[in-house]
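*Asks:*
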Amino acid sequence: MLENTRCVVLNATYEPLSVVSARRGLRLIIEGRAVLEEQYPNGWVRSPTKKFPLPTQVRLKKYIETIPALRVPAQLTQRNLFLRDRYTCQYCGRQRKDLDEKEYLTRDHIIPAARGGKDSWTNVVTACKKCNNIKADYLLSELEDIYYTLAADPITADTADWILEHMVSKNFNPRAPMILEIWSKSGNLRLRKKKKK
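Start counting the sequence shown at 5; every next residue gets the next number (our numbering).
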């Protein structure tokens with residue numbers, strides 16, 4: 005159970021550093037290197053003599069200067085793409101939970117691969133199966149007559165963005181919006197901007 009549950013590690017200034025196993029998060033608390041910020045509901049780990057909370061978030065006691073390393077682009081995987089787009093179709097706006105039983109989310113190339121489009125963060129978006137089939141190998145400019153547009157411009161997700169999206173998507177912390185605000189005020193967060201209609 006401890007290896008399969010995840011824990012977000014925050015810097016002393018509430019900046020996200022990484023996502024680790026809950027076991028590692030608990031170890032940081034026991035070693036006195038971190039404090040518990042949030043725990044899993046009814047999540048406890050018992051030893052023969054003590055009972056410990058199962059952490060979803062820990063904050064380091066000492067500041068670690070590793071922020072530039074967090075600006076390394078995250079690996080472009082299906083999961084990371086869906087996290088960046090918050091499991092939402094970038095064409096129709098439906099979320100994964102809103103899809104019918106036989107529908108699912110897919111990766112769509114804005115400039116289709118058949119037309120030389122690259123598999124890169126700025127050329128792929130999350131799309132439901134229906135929208136991906138409608139778009140097919142067309143360019144968005146060729147579909148303007150049916151008002152086919154993107155909800156937001158795609159950005160290159162990096163490690164810090166991925167951690168924040170992970171926190172938000174898992175509802176790890178009711179203070180996640182506050183952490184997002186602190187992170188954005190520090191100039192380290194590049195929020196996706198919705199397109200103007």
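C-beta atoms are modelled at their ideal positions from N, C-alpha and C, and glycine is treated no differently.
Would you mind giving the Cβ-Cβ distance between residue 126 and residue 160, rounded to the nearest angstrom? I have them listed as a contact below 8 Å.
*Replies:* Working through the sequence shown from its first residue, we reach residue 126 at position 122. Working through the sequence shown from its first residue, we reach residue 160 at position 156. The pair is a contact, with the Cβ atoms about 6 Å apart (cut-off 8 Å).
*Asks:* Please work out which residues of its chain come closer than 7 Å, Cβ to Cβ, to residue 24, disregarding the five sequence neighbours upstream and downstream, and give them in chain order.
*Replies:* Start at 1 with the first residue of the sequence shown, and residue 24 comes out as number 20. Within the same chain, residue 24 has close Cβ partners 11 and 13.
*Asks:* Leaving out five residues before and five after residue 29 in sequence, what residues of the same chain have Cβ atoms less than 6 Å from its Cβ?
*Replies:* On the sequence shown, position 25 is the one that residue 29 refers to. Closer than 6 Å at the Cβ level, and outside the excluded window around residue 29, lie 11, 59 and 62.
*Asks:* By the 10 Å Cβ neighbour count, where 16 or more other Cβ atoms means buried, how is residue 67 classified, buried or exposed?
*Replies:* Walking along the sequence shown from the start, residue 67 turns up at place 63. Under this definition residue 67 is an exposed residue.
*Asks:* By how many angstroms is the C-alpha of residue 57 removed from the C-alpha of residue 47?
*Replies:* The residue you call residue 47 lines up with position 43 of the sequence shown. The residue you call residue 57 lines up with position 53 of the sequence shown. If I take the Cα positions, the gap works out to 6 Å.
*Asks:* Report yes or no: do the stretch 88-96 and the stretch 125-144 share at least 3 C-beta pairs separated by less than 8 Å?
*Replies:* Yes: at least three Cβ pairs fall under 8 Å.
*Asks:* Below 8 Å, can you find three or more Cβ-Cβ pairs linking the stretch 90-107 to the stretch 32-43?
*Replies:* With a cut-off of 8 Å, the stretch 32-43 and the stretch 90-107 do not count as touching, because too few Cβ pairs lie within range.
*Asks:* When the Cα atoms are used, what is the spatial distance from residue 17 to residue 38?
*Replies:* For the purposes of this step, residue 17 is taken as the residue at position 13 of the sequence shown. For the purposes of this step, residue 38 is taken as the residue at position 34 of the sequence shown. The alpha-carbon atoms of residue 17 and residue 38 are separated by roughly 12 Å.
*Asks:* From 26, 21 and 19, pick the residue whose C-alpha is nearest to that of residue 8; which is it?
*Replies:* Residue mapping note: residue 8 aligns to position 4 of the sequence shown, counting from 1. For the residues 26, 21 and 19, the minimum Cα distance to residue 8 belongs to 26.
*Asks:* Helix, strand or coil: which one does DSSP assign to residue 92?
*Replies:* Here the question's residue 92 lines up with position 88 in the sequence shown. In this structure, residue 92 counts as strand in the three-state DSSP scheme.
*Asks:* Where does residue 136 sit, in a helix, a strand or coil, going by DSSP?
*Replies:* Position 132 of the sequence shown, counted from the first residue, corresponds to residue 136. In this structure, residue 136 counts as helix in the three-state DSSP scheme.
*Asks:* Which of the three DSSP states, helix, strand or coil, is assigned to residue 35?
*Replies:* Counting from 1 along the sequence shown, the entry for residue 35 is found at position 31. Of the three classes helix, strand and coil, the one that applies to residue 35 here is coil, per DSSP.
*Asks:* Please look up how many angstroms separate the CB atoms of residue 110 and residue 139, rounded, as I've assumed it's under 8 Å.
*Replies:* Looking up residue 110 in the sequence shown gives position 106. Looking up residue 139 in the sequence shown gives position 135. The Cβ separation is near 10 Å, so there is no contact.
*Asks:* Between residue 114 and residue 120, which are expected to be in contact by the criterion C-beta below 8 Å, what is the C-beta distance as a whole number of angstroms?
*Replies:* Mapped onto the sequence shown, residue 114 falls at position 110. Mapped onto the sequence shown, residue 120 falls at position 116. Between residue 120 and residue 114 the Cβ distance is about 12 Å, and since that is not below 8 Å, they are no contact.
*Asks:* Identify the continuous beta strand (DSSP E) that holds residue 55 and give its terminal residues.
*Replies:* Taking the sequence shown and counting its residues from 1, one reaches residue 55 at position 51. Where residue 55 is concerned, the enclosing beta strand (DSSP E) stretches over 55-64.
*Asks:* Specify, as a first and last residue, the run of the beta strand (DSSP E) that residue 22 falls within.
*Replies:* On the sequence shown, residue 22 is found 18 positions in, with the first residue counted as 1. Segment 20-25, the beta strand (DSSP E) holding residue 22.
*Asks:* Please list, in chain order, all residues of the same chain as residue 103 whose beta carbon is under 7 Å from its beta carbon, the five residues on each side excluded.
*Replies:* The residue given as residue 103 occupies position 99 in the sequence shown. For residue 103, where only same-chain residues beyond five positions count, the Cβ hits under 7 Å are 132.
*Asks:* In or out: residue 20 buried (at least 16 other Cβ within 10 Å) or exposed?
*Replies:* As a position in the sequence shown, residue 20 is number 16, starting the count at 1. Buried, because 16 or more other Cβ atoms sit within 10 Å of the Cβ of residue 20.
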